[in-house]
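To start, the structure under review is shown below, and the notes come after it.
Residue numbers (the working numbering): -15 to 243.
Below you can see the structure in the form of structure tokens.
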């Protein structure tokens, strides 16, 4: 069960570095589902060979859904790296310089120029990194906030109902507002972790402390981040199904918006 979620947003490139969000979370919540994928791993076994780029492609949403579903290896981890594209004809219009930029992108897992290519009309670039981290470039950051809202709400539901008896009705959890998460974007640019270490509801509330760890990825190992002082708390009030952000985090974002 997920114990924490880490988020770091680079608003210059719309790259979001996360730990605790999976490829399944991504695929289940996006609106602009890819029409085609260009796999940025030259050694990829999936897909069909595309002669112009020398890379594999996967065409059509049904094939992409199957690819996502089968992408996990025996250890439960993935090694996905791909960019979506809208039209095969325009893919074949890529110049050698543009193809070399894509190859660099796939090898280094970071962009040289814009991560969004005019000829590809891509909405995403997806990279699995080590230690269960992922970096995804979003043309529309609202896609990320939607994924994140669904994930936080799902984790909380699992936590609250973890020790529910067979005869007890499941406690429903109201989905956290996308607007509340967007209100935290300044914090997410710092690099923060949401900790779900509370065992269950206490007096009808669930507290999720928020810690700033910037891009010190080593702090994600175990519970080292708890050595820091939390910058605020996200609270879920089960009685009236309300989410609330309190503490310095609320002041940091210039609002203590309750939703």
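Glycine residues also receive a C-beta, built at the ideal position from the N, C-alpha and C atoms.
In the three-state reduction of the DSSP assignment, residue 80 falls in the helix class, which pools H, G and I.
Excluding its 5 nearest sequence neighbours in each direction, residue 193 has C-beta neighbours in its own chain below 6 angstroms: 179, 214, 217, listed in chain order. Look at the beta carbons and you see the region 16 to 28 touching the region 100 to 115: at least three pairs across the two are nearer than 8 angstroms. Membership of residue 73 in the alpha helix (DSSP H) is indicated by the continuous run 72 to 75. The DSSP-derived three-state label of residue 155 is coil.
Per DSSP, residue 20 is one residue of the beta strand (DSSP E) stretching across 20 to 23. As the crow flies, the alpha-carbon of residue -9 is around 14 angstroms from that of residue 10. The C-beta of residue 186 has fewer than 16 other C-beta atoms within 10 Å across all chains shown, which makes the residue exposed.
With a threshold of 16 other beta carbon atoms within 10 Å, residue 68 meets it and is buried. Within the same chain, 162, 165, 166 come within 7 angstroms of residue 129 by CB-CB distance, once the 5 residues on both sides are set aside. Here residue 5 is actually not in contact with residue 66; their C-beta atoms are around 16 angstroms apart, not less than 8 angstroms. Between residue 204 and residue 3, the C-beta spacing is below 7 angstroms.
In this structure the region 86 to 103 touches the region 119 to 139; the number of beta carbon pairs closer than 8 angstroms is three or more. Close CB contacts of residue 26 within its chain, under the 8 angstroms cut and outside five residues either way in sequence, are with 38, 39, 87, 90 (chain order). The C-alpha of residue 142 lies about 11 angstroms from the C-alpha of residue -13. Annotation for residue 141: the continuous alpha helix (DSSP H) segment containing it runs 125 to 144.
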